[in-house]
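In my numbering, the protein residues as written are -2 to 122.
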């Protein structure tokens, strides 16, 4: 007797998706460096985690990330950003992490951001 078994295996191949997250306290090079350091070192964002790449727009205070939705969600990415000490859309930064970011990266109401007449979106300014 011969039995044949056929399984229709579906391989989940999620298409990479982009999300743009607003962070009003992401305006300067030190802020960008702090967030990138957190994402790459402490949060270990890599292909396995589902985050493929990101682009930071300091003038707009935005981070645009490409990710695999079968590995990570936009909400999880926002949580990672708040864990670095930065606001992410409607979510406020983790209070402990917020204390550790450079003073220039703090919210405007906390005295952060560029000084008058001295934009901080240029390196070494």
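All C-beta atoms in this analysis are idealised placements derived from N, C-alpha and C, irrespective of residue type, glycine included.
Given the structure is predicted, the values throughout are model-derived calculations rather than measurements.
Please state whether DSSP places residue i in a helix, a strand or coil.
{"i": "residue 59", "result": "strand"}
{"i": "residue 105", "result": "helix"}
{"i": "residue 18", "result": "strand"}
{"i": "residue 85", "result": "strand"}
{"i": "residue 3", "result": "Only weak support exists for where residue 3 lies, its pLDDT of 38 falling under 50; the value from the coordinates is given anyway. Residue 3: coil per DSSP, three-state reduction."}
Less than 8 Å separating the Cβ of residue i from some heavy atom of the ligand GTP?
{"i": "residue 31", "result": "With respect to the ligand GTP, the structure offers nothing, as it holds no ligand at all."}
Confirm, please, whether the CB-CB distance from residue j to residue i is below 9 Å.
{"i": "residue 97", "j": "residue 60", "result": "no"}
{"i": "residue 23", "j": "residue 36", "result": "no"}
{"i": "residue 79", "j": "residue 94", "result": "yes"}
{"i": "residue 73", "j": "residue 53", "result": "no"}
Counting along the chain, where does the alpha helix (DSSP H) carrying residue i start and finish?
{"i": "residue 29", "result": "26 to 34"}
{"i": "residue 80", "result": "71 to 80"}
{"i": "residue 12", "result": "Run containing residue 12: none; DSSP gives neither H nor E here."}
{"i": "residue 94", "result": "92 to 97"}
Assuming residue i is part of the beta strand (DSSP E), what are its boundary residues?
{"i": "residue 50", "result": "48 to 54"}
Grab me the residues of residue i's own chain with a C-beta within less than 6 Å of its C-beta, minus the 5 sequence neighbours each way, in chain order.
{"i": "residue 16", "result": "62, 71"}
In chain order, what residues of the same chain lie with their CB nearer than 8 Å to the CB of residue i, ignoring the 5 residues before and after it?
{"i": "residue 100", "result": "108, 109"}
Considering only residues of the same chain and omitting the five flanking positions on each side of residue i, which have a CB-CB separation below 7 Å?
{"i": "residue 58", "result": "19, 20, 21, 23, 24"}
Check: Any chance the stretch 104 to 113 sits against the stretch 48 to 66, with 3 or more Cβ pairs inside 8 Å?
Finding: no
| message | Count Cβ pairs between the stretch 78 to 88 and the stretch 44 to 57 that sit closer than 8 Å; are there 3 or more? | response | no
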